[in-house]
Structures are given as C-alpha cells and as structure tokens.
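Input: a single structure, listed below in structure tokens.
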Amino acid sequence: MKKSLLFIAIYLLITCAIANAGDRLRVLGMQEPKGDQEKRIILVNSGHLQAIIDEFGLEPDASASIELADKNGKPLAVLAKIKKGTIKWDHDLRDGDQLEVKFSKEDFPSMQQIIKENAFRPGLRVQLSESTTKVSSSKMKGIFSEVKMEKEKFTLQWVEVTFAELADLAPMLKYPVNVKPGQAMEDNFAVTVSNNGTVEARDVEVRLVLSRDKNISEGIPLENGRGVIASLAPGQSATLALPGPVIIPADAQPDKYQLGVVVDPENKIPEMDKSNNIYTGFLLVAAPPPKCITMGMAKTQLVFQPNGYGLAIL
Numbered sequence: 053m054k055k056s057l058l059f060i061a062i063y064l065l066i067t068c069a070i071a072n073a074g075d076r077l078r079v080l081g082m083q084e085p086k087g088d089q090e091k092r093i094i095l096v097n098s099g100h101l102q103a104i105i106d107e108f109g110l111e112p113d114a115s116a117s118i119e120l121a122d123k124n125g126k127p128l129a130v131l132a133k134i135k136k137g138t139i140k141w142d143h144d145l146r147d148g149d150q151l152e153v154k155f156s157k158e159d160f161p162s163m164q165q166i167i168k169e170n171a172f173r174p175g176l177r178v179q180l181s182e183s184t185t186k187v188s189s190s191k192m193k194g195i196f197s198e199v200k201m202e203k204e205k206f207t208l209q210w211v212e213v214t215f216a217e218l219a220d221l222a223p224m225l226k227y228p229v230n231v232k233p234g235q236a237m238e239d240n241f242a243v244t245v246s247n248n249g250t251v252e253a254r255d256v257e258v259r260l261v262l263s264r265d266k267n268i269s270e271g272i273p274l275e276n277g278r279g280v281i282a283s284l285a286p287g288q289s290a291t292l293a294l295p296g297p298v299i300i301p302a303d304a305q306p307d308k309y310q311l312g313v314v315v316d317p318e319n320k321i322p323e324m325d326k327s328n329n330i331y332t333g334f335l336l337v338a339a340p341p342p343k344c345i346t347m348g349m350a351k352t353q354l355v356f357q358p359n360g361y362g363l364a365i366l
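So the number in my numbering is just where the residue sits in the sequence shown, counting from 1, plus 52.
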C-alpha cells in the first residue's frame with residue numbers, strides 16, 4: 053500500500069477566544085517603510101508591543117505565540133514567541149525599536165490600506181495563542197501503518213489595537229424610567245463616564261438634558277445636571293459627582309421624553325470617536341394622581357340600600 057508508513061499531518065486550527073484583556077484599545081504603532089514595498093515589510097513598534105505583552109500577565113514559565121490578527125482572530129503574522137517566560141522577537145529590529153514584520157502576498161495589500169487609512173479602530177488585534185500537538189497512530193500486523201499529528205491552537209487572550217494616541221469618552225446612565233414633574237432623581241440614579249482611549253482626558257465636562265426626541269442638542273438643561281470629572285486615565289471609569297439631585301422641570305408636560313447625557317459638549321477634548329459622546333434613554337413623565345375628587349351633584353341623591361349594603365346614586 054503506497055500510503056503505508058506515510059506521515060499524514062492534519063492541522064486542526066481551533067481558535068477559542070477564552071478571554072480578552074478588556075474593551076479598551078491599546079496603541080500599536082505601525083508604518084510602511086519607504087522603498088520596501090517589494091519586500092512586503094510593515095514596521096511594528098516593539099515598545100508598544102512589549103507593553104501589550106506585559107498586560108497579558110504571563111506566568112514566568114509560560115510558552116506561547118504573540119500574533120497580529122484580524123478582527124475575527126485570523127493570524128496575519130507571528131510577532132514574537134514566548135518560551136519559558138522569555139520573549140523572542142521573530143523579526144529583525146530597525147532603528148532600535150521597529151520590528152520588520154513580513155506579510156504574505158495575500159495579506160500585505162490589506163495591511164497597506166489599513167495603515168493608509170490610519171483609522172482609530174483598524175480592525176486588528178494582538179492575540180496570545182498556545183498550540184498543542186497530539187500524535188496518534190494505528191498498527192496493522194504489528195507495523196505502524198499511519199501516524200497522525202493533530203495540532204490544536206487556542207487564543208488565550210487578545211486586545212484590539214489602534215494607531216491613535218487619543219482619548220475616547222463614552223457615558224452611561226442609570227436612572228428611573230417613570231418620573232413626575234418636579235421630581236428629584238436621587239435613588240437608582242448615576243452617571244458614569246469611561247475613557248476607552250489611549251491617553252488621559254482632563255476636565256471632562258458632562259451635561260444632562262431633557263428632550264422631546266433624540267435631538268439632544270436642543271434639549272432642556274436639567275437642574276443640577278452639570279458636572280466635571282477632573283481626570284480619566286486610559287481604561288478608567290468614574291461616576292460623575294453632581295452638585296445635587298437632578299430635578300425634572302416642574303412644568304414638564306406628561307409625555308414621553310429622552311433623557312440625554314452629553315460628554316464634552318463644547319468639543320474641547322480631542323478624541324478617537326465623537327459619535328459615542330452622547331447617551332440617550334427613554335423617560336416617561338406622568339401626571340401625578342389627584343389628591344382628592346370633588347363631585348358637584350345638585351339634583352342627585354346618594355342613597356344607602358340595606359339589602360345589599362351598598363350606595364346608589366338616584
């Protein structure tokens with residue numbers, strides 16, 4: 053049999069996203085060197101990459117691969133290998149801190165386009181992967197007839213990367229959905245702002261407004277609905293301290309409204325993305341129940357009926 057004693061390698065690529073290191077983007081400087089297009093080289097900042105690896109929190113004896121992958125986890129290049137806790141770059145260094153990473157003919161054009169666009173969220177990630185190999189064999193009449201090698205690959209941790217050195221502020225709001233005119237929103241109410249960017253944001257102004265629709269820019273500013281967060285480090289979230297309870301206007305008509313939180317309303321802070329600076333939530337302002345009801349019935353009598361122990365209007 054021609055295939056007897058033939059080693060058949062079966063590579064099973066299984067990417068399991070077990071955990072990632074958070075939603076915040078990490079900076080990874082990448083650029084295309086001039087004059088090296090035919091070599092399919094992209095320069096990757098080794099200092100940025102080292103900072104990402106440090107965040108993975110590897111064990112001293114860890115062994116794994118550090119890969120650049122697309123947003124679906126498909127590896128584009130191996131950047132480094134970790135053996136017994138020691139990093140070994142898989143590429144030459146240029147100018148002391150730039151890894152000369154070579155890409156395939158298939159992936160290089162898309163990498164060129166990504167770098168040219170310089171998007172704040174380029175759809176790339178750095179992932180920590182571990183591979184295991186299982187060898188199995190079968191015998192026929194005491195002779196090995198087939199040997200199979202099964203290679204399994206697991207993505208242990210990953211982070212999205214960005215080329216930008218900017219803050220990225222995003223608010224969240226916890227609030228009671230049903231309120232009344234003039235109500236002070238104290239219980240179950242909190243405004244939280246997160247910095248999903250790569251640099252610190254200072255003097256972050258936050259405003260709360262009430263609007264008939266999602267056009268928050270024309271909303272009504274709420275009493276005590278303005279505050280400032282002094283500083284937000286990359287990856288940090290903070291609850292906004294307000295001067296007092298946020299109060300629904302006493303003259304607000306019963307209706308459906310939008311409660312809006314606007315971060316950096318005057319656009320003083322450079323950010324990766326301004327589209328997530330506003331949070332809106334549905335709010336129902338209901339009319340309060342009447343304290344009492346008075347009925348004037350000049351020609352009507354209220355009669356007690358003993359048989360049914362009830363009242364009748366005659």
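Glycine residues also receive a C-beta, built at the ideal position from the N, C-alpha and C atoms.
- With contacts defined as CB atoms closer than 9 angstroms, Tyr227 and Arg264 fail to qualify as a contacting pair.
- For Met82, the beta-bridge partners assigned by DSSP are Val96.
- Distance from Ile93 to Glu152 at the Cβ level is roughly 5 angstroms; contact confirmed, criterion being Cβ atoms closer than 8 angstroms.
- Note that the region 232-246 does not touch the region 208-216; fewer than 3 beta-carbon pairs, one per stretch, sit closer than 8 angstroms.
- The residues Val96, Leu101, Ile118, Glu119, Leu120, Trp141, Asp142, His143, Leu151, Val153, Val178, in chain order, have a CB closer than 8 angstroms to that of Leu131 in the same chain once the five nearest residues on each side in sequence are set aside.
- About 6 angstroms separates the CB atoms of Thr214 and Thr250; that is less than 8 angstroms, so the two are in contact.
- Assigned with DSSP and collapsed to three states, Met163 falls in helix.
- Beta bridge pairing from DSSP links Lys320 with no other residue.
- By the Cβ-count criterion, Ile300 is buried, with 16 or more other Cβ atoms from all chains shown falling within 10 Å of its own Cβ.
- The C-alpha of Leu128 is placed about 15 angstroms away from the C-alpha of Leu80.
- DSSP places Gln305 in the coil class of the three-state scheme, outside both helix and strand.
- Around the beta carbon of Ile105, 16 or more other beta carbons lie within 10 angstroms, which makes this residue buried.
- Burial check for Pro306: the Cβ neighbour count within 10 Å stays below 16, so the residue is exposed.
- Taking 9 angstroms as the cut-off, the Cβ atoms of Met163 and Tyr331 do not count as close.
- Boundaries of the beta strand (DSSP E) harbouring Ile139: 138-141, taken from the DSSP string.
- Looking only at Glu270, Arg146, Glu204, Ala103, the smallest Cα-Cα distance to Pro85 is reached by Arg146.
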